[in-house]
Amino acid sequence: MNSRECLSRLVGGVQQDILDYHLLRELLLAQHDQLRQRDAQGLTSSLESQRQLVAKLQSRARERSDWLRLLGFSGNDGGMRQLLGRLPGPLQERLAPHWQQLQALVQACQQQNERNGRTLLCQHEVIRRMLYGEPSNDYRPSLPGTSVPY
3 MNSRECLSRL
13 VGGVQQDILD
23 YHLLRELLLA
33 QHDQLRQRDA
43 QGLTSSLESQ
53 RQLVAKLQSR
63 ARERSDWLRL
73 LGFSGNDGGM
83 RQLLGRLPGP
93 LQERLAPHWQ
103 QLQALVQACQ
113 QQNERNGRTL
123 LCQHEVIRRM
133 LYGEPSNDYR
143 PSLPGTSVPY
């Protein structure tokens, strides 16, 4: 594969990732609603869709790293930034905003995923309290077989 083909595939992968990260963000937003509504069936379906989409995104990220290395750069964000700095003006102006948009989408998805995780953790805590009760501040359970207060 020559440099031009490699670069073309890299650009196409970034553009496809933008579309897929938009979709992932929508799935994560829907997941948050499903968590709040305790929609187990919807969550199961959503998680499977997310799993498949994340697998595609991971595969393209590995390919992008490979293409960057084939072009003589490190296979990470630093390598992409170096590549952008060496591209001719028109191509750089076309690809740089896509790369920035992709990075912003990745960050938005990470933040939404963390929000979903906090929601799930809060729900777990509520269920734990309902099932096992919450000790009051003035009560500390003793270890089985001991009667010595702390």
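Residues in the sequence shown are numbered from 3 upward in steps of one, following the working numbering.
Every residue gets a Cβ at the ideal spot worked out from N, C-alpha and C, and that includes glycine.
Rounded to the nearest angstrom, how far is the Cβ of residue i from that of residue j, given a contact under 8 Å?
i, j, result
"LEU107", "TYR23", "4 Å"
"LEU104", "ASP19", "5 Å"
"SER1", "GLY77", "Residue 1 lies beyond the residue range present for the chain, which begins at 3 and ends at 152; the question has no answer from this structure."
For residue i, which residues in the same chain have their Cβ closer than 6 Å to its Cβ, ignoring the five residues on either side in sequence?
i, result
"GLN52", "LEU29"
"ALA63", "none"
"GLU50", "none"
Below 7 Å CB to CB, which residues in the same chain sit around residue i once its five sequence neighbours on both sides are set aside?
i, result
"GLN84", "PHE75"
"GLN36", "GLY44, LEU45 and SER48"
"GLU65", "GLY15"
"ALA110", "ARG27"
"ARG11", "TRP69"
"GLN17", "HIS100"
Quick one: residues in its chain with C-beta nearer than 8 Å to the C-beta of residue i, no 5 flanking neighbours on either side, listed in chain order?
i, result
"GLY147", "For GLY147, the pLDDT reaches just 39, beneath the cut-off of 50, and the residue's location in the model is therefore unreliable, although a value from the coordinates is still provided. Counting only Cβ-Cβ distances below 8 Å, and skipping sequence neighbours, we find nothing."
"LEU25", "LEU55"
"HIS34", "GLN114, ARG117, ASN118 and THR121"
"GLN94", "LEU86 and GLY87"
"GLU127", "none"
"ARG38", "THR121"
"GLN112", "none"
So, with DSSP's three-state summary, where would you put residue i?
i, result
"MET3", "coil"
"ARG15", "Looking at the sequence itself, residue 15 is Gly, so the reference to Arg does not match. Here GLY15 sits in helix by DSSP."
"GLY119", "helix"
In the stretch 26 to 107, which residue ranges form an unbroken alpha helix (DSSP H) of at least 4 residues, counting only runs that do not cross its ends? 42 to 72 and 79 to 88
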